[in-house]
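Here's the structure we're looking at; comments come further down.
Numbering (the working numbering), first residue to last: 42 to 130.
Structure representation (structure tokens):
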């Protein structure tokens, strides 16, 4: 399903959600699939369960990897991100 996706929206969830999210991000990170809008709904949730900044500072992900996704709060915000999307070179 990812290879045909025009965007990915991830909502708070458990182990299965986290597994799918990280697998999808890894495919984009390693360029096995093209970058697409990757939206995490609920900034407070995602920043509480995953310390993204610490991962980058610890060197376990690249600071550029933080640009693989966008955190949003509403459907309207998500649509704006998708509409403004410019595919990276």
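Beta carbons are placed, not taken as given, at the ideal position from N, Cα and C, and that holds for glycine.
If you're wondering where the values come from, they're calculated on a predicted model, not measured in any experiment.
- Cβ atoms of residue 66 and residue 111 stay farther apart than 8 Å, at about 12 Å.
- Residue state for residue 122 is assigned as helix, using DSSP reduced to three classes.
- Per the coordinates, the alpha-carbon of residue 88 lies some 17 Å from the alpha-carbon of residue 101.
- Ranked by Cα distance from residue 120, the options 82, 56, 108, 63 are led by 82.
- Along the length of the segment 42-124, whole beta strand (DSSP E) runs at least 3 residues long occupy 49-51, 79-82, 111-113, reported in chain order.
- One alpha carbon belongs to residue 117, the other to residue 98, and they sit about 32 Å apart.
- The closest CA to that of residue 109, considering only 44, 45, 93, is found on 93.
- Residue 44 and residue 51 do not touch by the CB rule: their CB atoms are close to 17 Å apart, not below 8 Å.
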